[in-house]
Structure formats: C-alpha cells, structure tokens
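Going line by line, the protein sequences match chains W and Z.
65 is the number that my numbering gives to position 46 of the first sequence; each next residue is one higher, with no gaps.
692 is the number that my numbering gives to position 687 of the second sequence; each next residue is one higher, with no gaps.
Just so you know, even glycine gets a beta-carbon here, dropped at the ideal spot from N, CA and C.
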Amino acid sequence: MNKMKQAVEIINKYSPYFAIFLTFIFSFLFTLIPFWPLAFVAAIFGGFLCTKMKCGALSAMIGIIISWGIYIIIGIMRNNTNILFDQLGVLITGSTGLGFLLILVVLIVGAIIGMLGGTIGSGIRILVEPKFFPENTKEIQD
Amino acid sequence: MEINQKQKPTIIKLIIASVISIGMIIAFSIPFGMIPPLGNLLFPGNGIWDVPSEVDEYEILEDPNLSNDVKVYRDEWGIPHIYGYGEKDLMFALGYVQAQDRMIQMDLVRRIARGRLSEIVGPDALDTDKFNILKLEEYWANETVKYLQSKASVDPIFESNYQMLLRFADGINKYIETNQNKKPFEYQFLDVKIAPWEIVDTLVYSKYMSEYFTWSYKDMQRYENMMILGNDSYNELYGFPAPYQIPVCPNYGEYDDISVPSSEFIPPSSLVTDEITAQPDSSDTAESQTMNFISSFLDGLQRFPQEVERMEQEYIIGSNNWVISGNKTASGKPLLSTDMHLGLTLPGMWYEAHLVDITPGADLNLYAVFVPGVPLPVAGHTDYLGWGESIASFDLIDWYYYNGINDTHYEYKGEAKAYDIMVESIPIKGQEPEEYIIKSTVHGPVFTDLVPMPENFSENVIACKWTSYNITLDFLAMYEFMHAKNVYEFDEAIRYMDLLPLNLAFGDVDGNIGIRPNAKVPIRNDTDIPSWHPGGGDMPYNGSKGEGEWIDYLDFEDRPYCINPEQGFLSSANQYIAGPDYPNVSVINDGGAVGYRARRINNLLANAKEFTVDDMKTMVLDIYSVRAGNFTPYLIDALDTLSSKTDIQLAAYNELKNWDYLMDKDLVAPTLYHVCIEAFLELTFQDEQNTMGSFSRPSYAVLENLTKNAPDSKWFDNISTPEIEDRDDMILIAFNSVLEGLEEYYGTSNVSTWKWGEVHQIQIDHIMGLPGLGVGPYPVSGEAYTINPSYGSNFNNGVVSTSYSRSGASERIIVDFGNMNNSVSIIPSGERGISSSIHYTDQLEMYLRGEFHPQYFDATDPETLQEWANIESIIIFKKVEN
C-alpha cells in the first residue's frame with residue numbers, strides 16, 4: 020500500500036507533466052481513428068491525472084496542442100496538406116492565402132477541446148476520488 | 006453532505022464544460038449548407054488530412070482474379086507504365102491507377118451522364134439531372150451492356166471486350182474498396198461515399214463524350230436566321246458551300262472560292278413574306294408561330310447552364326491532326342500530330358498511360374491518352390501504327406416539332422399517336438427520390454415538358470433524334486486499334502465507330518498514311534420538306550407532318566476517306582469533310598470550322614521538307630493568324646486613305662504595318678487587329694440585327710469574302726444613317742471605335758503598352774468550378790484561328806474587355822514512325838487529379854512553355870524504364886489464390 024501511495028504521490032506531484040503526456044499519447048493515437056470527438060476523450064484521460072481543474076485544463080490543452088501540432092507538421096511536410104487548406108480557404112471565403120490561418124484555427128479549436136476535456140477529466144476526479152480513495156481526499160482538498 | 010457543498014463549484018464547472026463540449030461536438034458534426042461537418046473535414050485524423058497528395062512510393066495489392074503479377078511504375082510525371090501478362094490484367098491495373106488519380110472526375114461524369122448529381126449535391130441539381138436523363142445516355146448505355154453480354158458468348162471480340170470492361174471495373178472497385186477513407190478533397194467537401202463502378206459507367210462515359218461532340222441546337226439557330234433574313238440573305242451569309250474550305254479528304258475535288266453576291270437590300274418588313282414561301286399550306290402565320298415557338302424553346306434553355314454551355318462550346322471545340330508521309334520527313338517514315346481542342350479543366354480531360362503485355366509472344370505495346378473511366382485508347386500509338394483525332398463536322402442530331410393533342414397524344418402524319426412513357430426514379434440527397442416521367446415521340450424524348458415554355462405554346466412539342474439513341478460499339482473499334490498492324494487494318498476497325506464523329510488521321514511504320522472522317526451519318530427523307538428548308542437535318546423538321554425521317558445511315562463503304570495521297574500529307578481541323586465530287590456531299594458537311602487553321606496547316610505541310618519531330622513541335626505551337634494575314638492589309642489600306650492621322654492612329658498604323666501576323670502575347674499589333682476585326686464584324690451586322698431581329702453573326706470567312714470581293718456589299722452600309730457606307734468606311738469606323746475602347750481599357754494613349762497578353766489570357770477552372778482548385782489567368786499567345794488556339798472575345802457592344810480562354814489543345818501528341826521512342830506528348834494539366842499533388846499541374850506548366858515530355862515507349866520491361874526514367878512509385882498487384 021505504501022508503494023501505491025508513493026506512486027500516487029509522485030503522480031500527484033508531477034501530475035501536469037503526466038497529464039500532458041497522457042493527453043498527447045492518446046490524442047495522437049486517436050488520430051488513427053476517423054472520429055474526431057475522441058480528442059475530448061484523450062483530454063479527459065489527461066485531465067483525470069490532475070487534482071485541480073486549472074491544472075487539468077492547462078495540461079490537456081498543452082497535450083492536444085503538441086499532438087495536433089506534430090500531426091499538422093507531419094501532414095504538411097509529408098502530404099502538402101497546407102495546400103488543401105489554402106484551397107479550402109478560397110472555397111469558403113473566396114480569399115487566397117488563408118491556409119495557415121485555417122490551420123491555426125484548427126489548432127486553437129484543438130486547444131479549446133483540450134481545455135474543456137481536461138476540465139471535465141479533472142472535475143470527474145475531484146468528484147469521484149473522495150468516494151473511492153478517501154485517503155487521498157485530504158491531499159486533494161489541499 | 007459536507008463534501009457535496011465543497012464539490013458544488015466543481016460540479017458547476019463540470020456541467021458548464023460538459024455543456025460547451027457537447028455544443029462543440031454538435032456544432033462541428035453538422036453541415037452548414039454546402040459546407041460539410043467541419044470536425045470531420047478539418048481535424049487531425051479526419052477529412053482533408055487523409056487526402057493522399059501523392060501515391061505511396063511502394064504498394065502491394067492482392068487480387069485473386071489476376072493471371073499473374075502486374076507491375077506499375079510511375080515516371081517523373083506520375084504517368085503509369087503498366088507491365089502485365091495479358092490484357093485483362095493490364096486493364097485491372099489501369100482501372101486502379103485511373104481511379105487512384107482521377108476518381109472524382111470519373112464519378113462526376115458518370116453522375117452527370119446518368120442524371121445522378123442530385124444524389125450527392127441535393128435538389129439544386131434536379132433540373133440538370135432531368136435534362137440529362139432526357140438525353141437517354143444511361144438508357145442506351147444499359148442497352149449496349151445487354152447487347153455486349155448477349156454477344157459475348159458467341160463472338161470472341163465481344164467476349165474479349167466484355168472481359169476487359171469487367172476487369173477494368175474490378176480495378177476501379179479495388180481502389181474504391183481500399184481507399185474509402187482516403188478520398189480526394191472534393192469528396193471530403195461533398196461528404197459522400199464513392200459508389201462501386203459498373204460497366205455501364207464506362208459505356209455511359211462514351212455517350213457523354215458523344216454529347217460533348219455532337220449535341221447541338223444549331224438547327225434551331227439556323228432556322229431563326231433563315232426566318233429573320235430570308236432565303237437570299239441566308240444563303241449569302243450561311244449557304245453551302247462556305248468560302249475558303251479545304252476539305253479533309255483531298256480526293257473529292259476542291260471548292261472554288263465563291264464570291265458572295267452583293268444583292269440589293271430588301272427592307273426587313275418584306276423579308277419573311279417575300280422569300281420564305283413555297284409550301285402551299287404554310288401561311289405566314291404558321292411560319293411565324295413556329296419561329297416564335299422555336300425561339301421560346303431556345304430562350305427556355307437559358308435556364309439550364311449546361312445547355313447554354315453546349316450552345317457556346319460549338320464555337321470553341323475543335324481539334325487539329327495531320328500526318329505526313331515519309332517523302333516529306335527526314336527519317337523517310339511518317340510523322341503524326343494530334344491535338345484535340347476542348348474545354349480545359351483541372352483535372353484534365355485525358356489520362357496518359359503506357360501498357361505493355363509482357364506475356365512471351367504477346368504483341369501489345371501501347372502509349373495513349375485515355376478518357377478517365379474508359380479503358381480503351383483514344384489517341385496514341387503501338388509498335389506498328391499511331392492515330393489521332395479531330396472532331397468531324399457531321400450533323401448527328403435533328404430536332405422535330407409537333408402539334409400536341411393532349412398530355413398523352415400528339416399529331417403524327419395526320420393521326421393521334423400516344424407518347425411512349427418511361428419512369429425514372431431520381432435519388433436526391435436529404436430527400437425522398439423523385440419519380441420523373443419521360444415522354445417520347447417516334448423520334449425521341451420530348452423536351453418541352455421540362456424546358457419552360459409560354460402558355461400559348463402549351464400544346465406544342467419539341468423532341469429530338471440523335472445517333473446516340475442506339476446501341477453503339479465504339480469500344481470495339483478502339484480495341485481493334487490496339488491490335489491493328491497497318492493502316493488498312495486500322496481503317497477497317499473504324500467500321501465499328503458509330504457514336505463519336507471523328508476525323509481519324511493515322512499512319513504506320515511501313516510508311517502508309519490515311520485519314521477517315523467517320524460517324525454513323527443519318528440519311529433523311531427530305532422529299533416533302535418546304536422549299537426554303539435546306540434539308541440534311543440543317544433545320545428543325547415538322548415532326549407531325551413526318552418531315553425529315555431518318556431512312557438509313559450512310560454505309561461505311563460510302564463514307565469519304567483517303568489513304569496515301571499524292572500530296573504526301575493529310576490533315577483535319579474540323580473543316581468540311583469532302584469536296585464537291587463526293588456523291589453525298591450535302592449529307593456529310595455540317596458547317597464545321599471556319600477553315601483558318603486548315604488553311605495554315607495545309608500551307609505549311611505543302612511546303613514541308615525533311616520534317617522532324619522538332620518541326621512538328623514548332624507547327625503545333627504555331628501562332629500565325631491566317632485571319633490576320635487576310636484582314637490586316639485591308640485595314641492598312643483603309644488607313645492609307647486618311648489624309649492625316651492622329652498620333653494614336655499613326656502609332657497603331659505603324660504597329661500593324663510592321664507586323665508578321667504572329668499572335669504573340671508580347672506584341673501590340675495582335676491586340677489592335679483582334680479587337681478591330683471583332684468590331685468590324687459587330688458593326689457590319691449590328692444595324693441589321695437591330696432592325697431585323699437577332700440573327701447570329703456570320704463567320705469570319707464570310708466577312709473575309711465580303712471584304713475581298715464585295716467592298717460595296719449592302720452589309721457594309723449602316724442602314725441607320727442616311728449615308729451609304731462601304732467596306733473601308735466600316736473598317737475605319739471600327740478602327741476608331743477600337744482605339745477609343747483600348748485607350749480607355751489600358752488607361753493610356755501610349756499604344757506600345759497595349760500588349761496582347763494583357764487583354765488575352767488563359768484560365769483553367771476546376772472541373773466542378775470550385776474556386777481555389779483552378780489556376781490562372783495567364784497571358785497567352787494565339788487566337789481561336791491559330792494552329793495553337795486560345796479563345797475569347799475582346800469587343801462587345803463597343804466595350805473592350807479581357808478575354809479568358811477556357812479551351813485549347815487538350816493534349817498534344819507527336820508520333821515518330823521512324824523511331825517510336827522519339828514520340829512525345831503533353832497534357833494541359835497533370836496526370837493526377839488531386840489538387841495538392843505535384844502532378845496536378847506539372848504538365849500544365851510545361852504546356853504553357855511549349856514543352857513536351859518523352860514517353861519512354863521502348864521501355865518494354867521495368868528494368869529499362871528504371872534506367873531511363875525517374876521512377877516515383879511502384880505498385881505490385883499480386884496474384885493470390887482464392
């Protein structure tokens with residue numbers, strides 16, 4: 020039990036980093052599945068590691084930004100997807116040169132998804148932990 | 006309960022975050038009008054992130070129906086070189102690679118032709134679908150499939166073709182099956198699944214091509230012209246034969262350059278009554294009612310953008326091809342060039358591929374352009390021969406008008422006849438399918454139920470008869486082209502071509518050359534038509550009276566052709582097909598092109614000596630304007646009559662005087678000439694159009710003839726002024742009007758800045774018209790009448806504007822029969838129809854620079870190809886056991 024407690028303590032201590040990492044891993048893996056709301060799930064997972072909602076929101080947001088950012092860079096470098104965003108920009112707005120702006124908007128939406136998912140994840144933890152792990156509650160309240 | 010109190014803010018935050026999250030999921034998962042769900046479209050792992058810009062560098066696919074492994078190597082232009090054992094395997098691979106590169110284009114065209122656009126874009130496309138269903142392309146493609154299936158069991162050629170079409174469809178379906186989540190951008194935007202490919206999709210494609218080449222409302226426009234102008238003036242401006250025509254087949258005599266008579270001017274009010282009579286029972290009222298009915302129908306067509314496009318494209322589609330015998334070439338063997346002038350789009354109309362049957366003892370090495378969605382070659386060459394096409398000017402569609410009796414019956418030969426009825430179900434995105442009832446007369450489907458007509462014509466009916474309303478076997482001809490060993494076998498194979506009207510120019514490695522303008526040409530019974538009706542399907546017929554019935558088709562043996570002529574060359578540029586000595590001359594010549602390109606081509610080829618592929622390239626890119634060469638001296642002469650010239654007149658005069666008639670985009674003279682001749686035509690006929698009615702302006706060849714031979718023609722007089730103007734007066738009026746217009750357009754009186762390329766540009770749109778996926782505009786040399794064509798009008802109602810050419814040479818192929826490996830080609834797009842691919846427009850850039858690419862034709866094995874070409878990707882289709 021001591022080891023378990025120690026592990027929880029370490030996770031709690033470094034929870035922002037673990038949350039970022041977990042969100043990053045899951046959201047990156049979920050890009051393999053063509054169902055974008057899974058990004059919320061990744062953020063919820065990440066946020067769940069945080070004992071504070073601000074921490075959960077921020078960490079999951081960073082996690083999604085990093086994973087989507089890497090995905091976008093790979094997409095641009097390997098597949099010229101920025102050209103398609105340029106063309107999409109013309110298609111939607113009639114103006115040229117909006118490709119990177121659109122990509123930035125996607126990244127911002129990803130950040131919002133991370134923030135919301137992280138908030139939900141950490142909120143769920145705050146709500147459920149006292150019930151299932153009362154011994155941690157005190158620390159959480161702190 | 007204490008803990009709940011503490012958790013209260015958390016719960017509130019959680020609820021707020023959850024509500025916003027659900028809101029976001031909903032907002033990004035629902036479409037907004039034409040914009041698909043943005044989450045599916047934009048977010049990583051979805052939509053456009055899955056669009057494969059380029060094909061995989063190495064791919065292995067399995068198929069149980071292959072006889073052996075097939076290898077596909079793509080060269081530096083993404084063009085597939087396919088090596089397989091047997092034609093069926095080659096067709097499977099061709100189907101796959103065509104789909105890989107052009108799926109959206111293939112899908113779009115089959116949907117247009119079958120009337121299935123509404124299924125993917127919704128009810129907005131319903132009218133277009135109904136119009137296309139009326140063209141019966143799907144119906145007759147299905148009938149052709151049934152015929153092919155029934156013949157396949159008894160005739161080996163039909164069996165081979167059937168199997169090839171099946172395997173080609175299998176190849177496309179293999180792509181669809183394995184790439185449903187990696188669809189092109191357009192699919193992501195439309196948010197639809199790709200439906201499986203059927204044989205009928207391939208055959209309906211041929212029907213669509215036939216529509217592109219032959220669907221026409223010219224009969225009605227001619228009728229309007231006749232009714233407005235009367236017989237004499239009509240014949241003067243549009244009569245047969247048109248001036249300056251050099252027939253495609255040189256072995257049926259030549260036309261004289263006939264002077265257009267300068268008849269006395271007849272007041273417009275007397276024209277219809279005095280000249281268009283003869284039919285005892287056709288009163289003026291009856292004729293004018295028919296005229297109003299036809300005009301109303303043409304007006305109603307304006308509601309259908311595709312039909313408006315069809316009317317306009319009659320003036321822009323064309324083509325060139327020519328073949329030179331060995332006595333005019335450096336190699337002693339023939340050379341052939343073909344460039345079909347069609348609408349330029351992205352993706353482009355043609356798909357290049359190299360097919361090699363590597364079965365020991367097999368004899369198929371083919372490099373050709375294909376229509377995406379069709380596995381058979383349209384133009385190209387084998388080891389033995391090569392061929393190219395231009396559109397032949399046959400009239401293959403006739404329009405009939407009838408007295409309708411009621412909803413179910415119409416009058417036919419004095420009796421009430423019931424319409425044939427067909428019911429089609431049209432699937433519509435987001436709605437229940439709609440049932441569409443098609444009524445047909447004895448000739449064909451009725452269009453007046455769909456085209457909005459005025460109330461007073463509610464009982465009248467228009468239908469059409471078209472050669473495409475038949476089982477058609479062009480694919481058999483193309484199959485035979487691949488296997489012919491010399492021009493005689495090739496010519497025999499043309500017998501099967503009964504759909505597309507084409508001037509086929511061909512040559513072989515034995516040194517033979519040939520040309521055959523071909524189509525299934527109807528012969529009409531014109532015995533009971535009114536005396537003013539020119540017959541030959543040139544104008545609409547009274548269907549109720551049984552006029553203009555098709556009684557037969559011109560036998561293949563009776564169609565004009567020419568092999569190995571003494572002149573040592575053959576060419577076509579959409580002009581008249583045969584000369585006056587041909588027995589059925591009025592049956593086969595349907596107007597066609599004005600003839601400037603033909604005149605230039607014939608002139609160059611007559612003087613050709615020791616021609617090489619480089620000379621052929623120069624000729625394909627030629628921008629000398631015969632029209633300019635024949636008009637500009639008259640313009641200069643007219644300017645010489647001025648006692649003094651203003652500065653701007655003098656500057657323009659000097660530009661024109663020192664010009665060599667090359668339509669170079671960096672020159673000023675082409676601007677002056679082009680805008681001036683347009684103004685000359687407009688001003689010559691505008692006064693009569695305003696007074697008499699809006700007849701279409703005659704061709705520039707007719708204007709040239711009037712200019713040369715009838716300087717005092719009535720047409721040059723402006724009837725709205727008391728003075729009598731002649732040719733030179735009209736030229737000077739046009740010239741001064743143009744100078745004013747150009748000064749305003751360019752914003753300067755400095756004539757040296759009025760470059761042709763600024764006012765004449767090329768624009769290539771996406772096939773669906775999606776903004777952002779097209780390219781241009783770019784300044785471009787040439788004009789509609791140069792061998793290297795680009796189209797556009799710069800002068801309209803006195804206003805000068807930029808023209809954007811959206812048509813031109815849709816491919817350029819030069820075949821060297823002395824060394825097939827020396828053959829070259831280019832298409833004005835790229836091989837791959839994915840808008841983010843480097844092969845989307847790579848060939849277009851070369852095309853605009855006047856360049857060609859090699860074909861690597863002699864690379865009959867993958868090893869040689871790898872040595873010669875820069876291989877970008879490889880696909881191996883592996884045979885697996887069931």
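Touching or not, the region 614 to 628 of chain Z and the region 337 to 344 of chain Z, by the rule of three or more beta carbon pairs under 8 Å? The region 614 to 628 of chain Z vs the region 337 to 344 of chain Z: in contact.
Closer than 8 Å, Cβ to any Cβ of chain Z: which residues of the region 131 to 146 of chain W, in chain order? Taken in chain order, the members of the region 131 to 146 of chain W whose beta-carbon sits within less than 8 Å of a beta-carbon on chain Z are Ile131, Ile132, Leu135, Gly136, Thr138, Ile139, Gly142, Ile143, Ile145, Leu146.
Among the candidates Z:Ile138, Z:Val590, Z:Glu357, whose CA atom is the shortest distance from the CA of glutamate 836 of chain Z? Taking each of Z:Ile138, Z:Val590, Z:Glu357 in turn and checking the Cα distance to glutamate 836 of chain Z, the smallest one comes out for Z:Glu357.
Going by DSSP in three states, serine 445 of chain Z sits in which element: helix, strand or coil? Strand.
With a threshold of 9 Å between beta carbons, is lysine 18 of chain Z in contact with chain W? Yes, lysine 18 of chain Z lies at the interface with chain W (some Cβ there is under 9 Å from its Cβ).
Return the chain-ordered list of same chain residues with a C-beta closer than 6 Å to the C-beta of threonine 532 of chain Z, the five sequence neighbours on each side being excluded. Contacts found: none.
Report the residues of the region 98 to 115 of chain W with a CB closer than 9 Å to any CB of chain Z, ordered along the chain. Only Asn98, Asn99, Thr100, Asn101, Ile102, Leu103, Phe104, Asp105, Gln106, Leu107, Gly108, Val109, Leu110, Ile111, Gly113, Thr115 from the region 98 to 115 of chain W bring a Cβ to less than 9 Å from some Cβ of chain Z.
Which residues in the same chain have their Cβ closer than 6 Å to the Cβ of tyrosine 222 of chain Z, if we skip the five residues on either side of it in sequence? Cβ within range, chain order: Met316.
Counting contacts by CB-CB distance shorter than 9 Å, is phenylalanine 64 of chain W in contact with chain Z? Cβ-Cβ to chain Z under 9 Å: no for phenylalanine 64 of chain W.
Taking DSSP's pairing of strands, which residues face phenylalanine 882 of chain Z in a bridge? According to DSSP, which records beta bridges pairwise, phenylalanine 882 of chain Z is partnered with Z:Leu66, Z:Val75.
Using the beta-carbon of each residue, which ones in chain Z are nearer than 8 Å to phenylalanine 59 of chain W? By Cβ distance, chain Z contributes Ser26, Ile30.
For lysine 470 of chain Z: DSSP bridge partner residues: Within the DSSP bridge table, the entry for lysine 470 of chain Z names Z:Asp403 as partners.
Around the Cβ of proline 201 of chain Z, are there at least 16 other Cβ atoms within 10 angstroms (buried) or fewer (exposed)? Under this definition proline 201 of chain Z is an exposed residue.
Cα-Cα separation, asparagine 723 of chain Z to isoleucine 729 of chain Z: Across the structure, asparagine 723 of chain Z and isoleucine 729 of chain Z are spaced so that their CA atoms are roughly 7 Å apart.
In whole angstroms, give me the CA-to-CA distance for glutamine 110 of chain Z and glycine 353 of chain Z. Each residue's alpha carbon lies about 9 Å from the other.
Whose C-alpha, out of Z:Glu562, Z:Glu191, Z:Trp82, is nearest the C-alpha of methionine 773 of chain Z? Residue Z:Glu191 holds the alpha-carbon nearest to the alpha-carbon of methionine 773 of chain Z among Z:Glu562, Z:Glu191, Z:Trp82.
Do leucine 891 of chain Z and phenylalanine 882 of chain Z have their C-beta atoms within less than 9 Å of each other? An answer regarding residue 891 of chain Z cannot be provided, because it is not within the stretch 6 to 887 covered by chain Z.
Using Cβ-Cβ distances below 9 Å, what residues of the region 31 to 61 of chain W are close to chain Z? Result list: Ser46, Phe47, Phe49, Thr50, Leu51, Ile52, Pro53, Phe54, Trp55, Pro56, Leu57, Ala58, Phe59.
Residues bridged to tyrosine 424 of chain Z by DSSP? Per DSSP, tyrosine 424 of chain Z has no beta-bridge partner at all.
Kindly indicate which three-state DSSP category glycine 69 of chain W falls into: helix, strand or coil? The displayed chain sequence assigns cysteine, not glycine, to residue 69 of chain W. Coil, per DSSP.
Suppose you measure from the CA of proline 273 of chain Z to the CA of aspartate 560 of chain Z; what does that come to, to the nearest Å? Annotation note: pLDDT 34 at proline 273 of chain Z (below 50); position unreliable, no value reported.
Under 7 Å Cβ to Cβ from leucine 68 of chain W, same chain only, skipping five residues before and after it: list those, please. Only Ile30, Ser34, Phe37, Ala38, Leu41 meet the Cβ criterion.
Taking Cβ positions only, does leucine 68 of chain W come closer than 9 Å to chain Z? For leucine 68 of chain W, the answer is no, since every Cβ of chain Z falls outside 9 Å of its Cβ.
How many Å lie between tyrosine 955 of chain Z and threonine 207 of chain Z at the Cα? Chain Z is shown from 6 up to 887; residue 955 of chain Z falls before or after that span and cannot be answered.
I want to check one thing, is the minimum distance from the CB of threonine 219 of chain Z to the heavy atoms of the ligand FMN below 8 Å? You won't find the ligand FMN in this model; it holds no ligand whatsoever.
Leaving out five residues on either side along the sequence, give the residues of the same chain with a beta carbon under 7 Å from the beta carbon of serine 725 of chain Z. Answer for serine 725 of chain Z: Asp692, listed in chain order.
Tell me the rounded alpha-carbon separation between alanine 397 of chain Z and serine 591 of chain Z. Roughly 14 Å separates the two Cα atoms.
For the beta strand (DSSP E) that asparagine 530 of chain Z lies in, which residues bound it at each end? From DSSP, the beta strand (DSSP E) with asparagine 530 of chain Z extends over 527 to 530.
Any chain Z beta carbon closer than 9 Å to glycine 82 of chain W: At a cut-off of 9 Å, the C-beta of glycine 82 of chain W has no neighbouring C-beta in chain Z.
Just verifying my parser: in three-state terms, what is the DSSP assignment at serine 430 of chain Z? Correct three-state label for serine 430 of chain Z: strand.
I'd like to know if valine 128 of chain W contacts chain Z, where contact means its C-beta is closer than 9 Å to some C-beta of that chain. Using beta-carbon distances, valine 128 of chain W counts as an interface residue toward chain Z, with a partner under 9 Å.
Quickly, what does DSSP pair asparagine 547 of chain Z with across the bridge? List them, please. In DSSP, asparagine 547 of chain Z forms a bridge with Z:Tyr406.
Among W:Leu146, W:Leu110, W:Thr70, which residue has its Cα nearest to the Cα of valine 27 of chain W? Selected option, being the one with the closest Cα: W:Thr70.
The alpha helix (DSSP H) enclosing proline 17 of chain W, as first and last residue numbers: As shown, chain W starts at 20 and ends at 161. That puts residue 17 of chain W outside it, with no answer to give.
Any C-beta of chain W within less than 9 Å: which residues of the region 46 to 66 of chain Z qualify? Cβ contacts with chain W come from Leu46, Leu47, Phe48, Pro49, Gly50, Asn51, Gly52, Ile53, Trp54, Asp55, Val56, Pro57, Ser58, Glu59.
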